[in-house]
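Protein chains in written order, with my numbering: chain A, 1 to 313; chain B, 1 to 254.
For each residue, glycine too, the CB sits at the ideal point set by N, CA and C.
Accompanying notes for the structure given below.
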């Protein structure tokens with residue numbers, strides 16, 4: 001097991017190296033010379049050259065890349081061009097809303113999607129199945145901001161049940177924290193729910209045809225128990241896989257959701273950084289999200305052994 | 001939707017760029033079917049013209065990503081040496097969430113429809129390549145490919161004659177899903193200000209402009225949103241239909 005974890009960690013190195021190389025090239029080929037920006041309009045060519053040398057911008061690509069990777073290994077993401085603050089600190093300040101949003105969305109999505117998929121599979125071909133699958137197609141097709149604005153309009157503006165926008169920290173009370181996250185999580189979770197429901201249904205359909213399901217039924221096990229204990233356990237691997245892969249959707253979606261609901265998270269940071277062309281911040285966020293994504297999927301591989309003890313590494 | 005895109009100039013009641021400062025943020029009426037936006041432009045006409053942007057982006061991305069992915073996938077699937085390197089590179093690209101990658105690419109370039117198409121295409125290529133590679137790996141073991149090799153057929157001809165046609169059913173289905181997600185991606189990019197230049201009326205841009213006013217003038221956001229959702233829904237259903245008819249075994253399963 002430990003050997004497997006180590007081997008998998010080693011296997012993520014080339015992947016992360018590709019990501020790092022790409023992200024670094026992004027800064028390298030970025031239009032606009034940081035030295036010119038820092039020097040301002042009044043600078044003489046000599047001053048610009050001096051700044052460029054002091055930033056190390058005059059050295060070759062490979063050396064700068066290796067230096068940058070060296071900094072990364074020391075968890076130093078550099079400073080924002082715009083504010084001059086360390087990117088680490090900027091990310092740290094924005095981490096809580098995004099993590100909260102993702103956590104609430106994950107819990108909401110998994111707890112709705114898996115039962116929906118199971119029910120759809122057990123009633124395959126009936127109107128219940130068709131209704132659920134129609135919703136799943138809708139979930140795929142309706143973009144996050146559409147769901148977001150619609151929900152905010154109805155539940156926050158018309159009925160005034162939930163706050164319209166903004167974020168309060170979990171330290172200021174659980175309910176006010178949660179109430180600010182309900183609508184965003186729902187909007188963000190739609191696509192995710194649709195994806196998990198579809199995969200759960202497809203896998204369950206396959207599992208329900210197996211002999212051991214018939215055996216369980218034959219010995220008089222109740223329908224709920226057959227579905228959620230006998231069948232779901234055996235359908236877990238594809239479902240867990242798609243939950244892991246779908247995290248990419250959540251990350252991309254968080255950028256939009258945070259804009260719609262004015263959550264001060266990493267997504268907003270990304271958007272602001274793009275509008276200001278603040279490349280170190282863009283690099284930092286992409287690196288962070290990508291490594292999170294890779295780690296989540298590594299975690300998913302390890303979860304396999306828990307949900308399905310037949311898998312051993 | 002295709003018809004709307006083609007006939008946008010005929011259907012549009014006024015020039016989508018025409019400013020009427022006197023008629024700002026009017027509610028929907030007989031004169032302005034979907035109302036007017038913050039600069040007094042007719043939302044109805046702008047939404048109609050937005051159809052063009054979305055369809056052009058969606059279809060171009062689907063075509064380019066399919067061609068790119070097909071080339072990469074076939075090479076990876078047929079050459080063991082290239083396979084390892086190419087797929088590691090693709091894994092790296094896939095580790096970056098698609099929207100973020102597109103956003104990063106857009107941050108490098110000036111906003112134009114061409115750049116938007118490119119920025120959405122690049123993240124899709126690894127996904128297509130992976131699919132094609134899988135299909136090619138399966139096909140390579142087929143007896144008729146062995147027969148062709150034994151008969152002395154040269155590799156490019158085998159690829160062209162025997163492998164390529166068999167990837168099409170998978171590719172067409174995938175392309176329709178890519179088309180749908182590309183339209184959403186375009187709207188997202190424009191919405192966060194990293195997409196089509198603001199002067200072009202795309203659905204994402206109209207929503208981005210309506211965002212400032214959404215609490216009072218909800219319709220500016222809602223009309224393009226409805227159009228976008230319906231179009232994407234239609235394309236997704238098309239993809240489902242294609243999949244069911246091209247691969248009867250899967251019908252009704254997913």
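Under the rule that 16 or more other beta-carbon atoms within 10 Å means buried, what is residue i, buried or exposed?
| i | result |
| --- | --- |
| residue 309 (chain A) | exposed |
| residue 193 (chain A) | buried |
| residue 105 (chain A) | buried |
| residue 15 (chain A) | buried |
| residue 13 (chain A) | exposed |
| residue 67 (chain A) | exposed |
| residue 66 (chain B) | buried |
| residue 133 (chain B) | buried |
| residue 221 (chain B) | buried |
| residue 18 (chain B) | Note that residue 18 (chain B) scores a pLDDT of 44, beneath 50, so its modelled location is shaky and nothing firm can be said. |
| residue 17 (chain A) | exposed |
| residue 306 (chain A) | exposed |
| residue 83 (chain A) | exposed |
| residue 95 (chain B) | buried |
I'd like the list of long-range same chain contacts for residue i, defined as Cβ closer than 7 Å, with 5 residues on each side in sequence excluded.
| i | result |
| --- | --- |
| residue 176 (chain A) | 168 |
| residue 224 (chain B) | 47, 50, 203, 206, 207 |
| residue 60 (chain A) | none |
| residue 290 (chain A) | 19 |
| residue 293 (chain A) | 247, 248, 251 |
| residue 8 (chain A) | 298, 301 |
| residue 315 (chain A) | What is shown of chain A runs 1 to 313, which leaves residue 315 (chain A) out entirely. |
| residue 6 (chain A) | none |
| residue 139 (chain B) | 145, 163, 166 |
| residue 107 (chain B) | 194 |
The alpha helix (DSSP H) that contains residue i, what's its start and end?
| i | result |
| --- | --- |
| residue 167 (chain A) | Here residue 167 (chain A) belongs to no alpha helix (DSSP H), and DSSP marks it neither H nor E. |
| residue 299 (chain A) | 279-307 |
| residue 174 (chain B) | 164-191 |
| residue 148 (chain A) | 144-151 |
| residue 228 (chain A) | Run containing residue 228 (chain A): none; DSSP gives neither H nor E here. |
| residue 126 (chain B) | 113-140 |
| residue 146 (chain B) | 143-150 |
| residue 139 (chain A) | 127-141 |
| residue 262 (chain A) | Where residue 262 (chain A) is concerned, there is no enclosing alpha helix (DSSP H), given that its DSSP letter is neither H nor E. |
| residue 65 (chain A) | 61-73 |
| residue 310 (chain A) | Neither: residue 310 (chain A) is in no alpha helix (DSSP H) and is coded neither H nor E. |
| residue 215 (chain A) | 211-218 |
| residue 123 (chain A) | Element bounds for residue 123 (chain A): n/a, residue is neither H nor E. |
| residue 155 (chain B) | 155-158 |
So, at 8 Å on beta carbons, what are the nonlocal neighbours of residue i in its own chain, with the 5 sequence-adjacent residues on each side left out?
| i | result |
| --- | --- |
| residue 137 (chain B) | 77 |
| residue 75 (chain A) | 88 |
| residue 85 (chain A) | 79 |
| residue 149 (chain A) | 260 |
| residue 178 (chain A) | 104 |
Assign residue i to one of three DSSP states: helix, strand, or coil.
| i | result |
| --- | --- |
| residue 11 (chain A) | helix |
| residue 197 (chain B) | coil |
| residue 97 (chain B) | coil |
| residue 238 (chain A) | helix |
| residue 322 (chain A) | Because chain A in this structure spans residues 1 to 313, residue 322 (chain A) falls outside the shown range and cannot be described. |
| residue 244 (chain B) | helix |
Considering only residues of the same chain and omitting the five flanking positions on each side of residue i, which have a CB-CB separation below 6 Å?
| i | result |
| --- | --- |
| residue 103 (chain B) | 194 |
| residue 245 (chain B) | none |
| residue 212 (chain A) | none |
| residue 189 (chain A) | 105, 108, 109 |
| residue 109 (chain B) | 115 |
| residue 93 (chain B) | 126 |
| residue 208 (chain A) | 231 |
| residue 113 (chain A) | 193, 196, 197 |
| residue 273 (chain A) | 281, 282 |
| residue 117 (chain B) | 57, 60, 61 |
Is residue i near the ligand MG, with its Cβ less than 6 Å from a heavy atom?
| i | result |
| --- | --- |
| residue 125 (chain B) | The ligand MG is not part of the structure shown, which contains no ligands of any sort. |
Touching by the beta-carbon criterion (3+ pairs, under 8 Å), the stretch 178-186 of chain A and the stretch 255-275 of chain A: These segments touch.
The stretch 234-248 of chain A / the stretch 161-176 of chain B touching (three or more Cβ pairs under 8 Å): Contact fails: fewer than three Cβ-Cβ distances are below 8 Å.
Stretch pair the stretch 88-100 of chain A + the stretch 260-280 of chain A: three plus CB contacts closer than 8 Å: Between the stretch 88-100 of chain A and the stretch 260-280 of chain A, the count of C-beta pairs closer than 8 Å reaches three or more; the two stretches touch.
contact_flag[the stretch 109-126 of chain A, the stretch 194-201 of chain A] where n(CB pairs < 8 Å) is 3 or more: Contact holds: three or more Cβ-Cβ distances are below 8 Å.
Three-pair Cβ contact test at 8 Å for the stretch 69-86 of chain B versus the stretch 123-132 of chain B: Contact between the stretch 69-86 of chain B and the stretch 123-132 of chain B is present, because at least three Cβ pairs lie under 8 Å.
Contact the stretch 138-148 of chain A vs the stretch 208-226 of chain A: 3+ CB pairs below 8 Å: Segments in contact, no.
Cβ contact check for the stretch 51-66 of chain B and the stretch 227-239 of chain B: 3 or more pairs under 8 Å: Using a C-beta cut-off of 8 Å, the stretch 51-66 of chain B makes contact with the stretch 227-239 of chain B, since at least three inter-stretch Cβ pairs fall below that distance.
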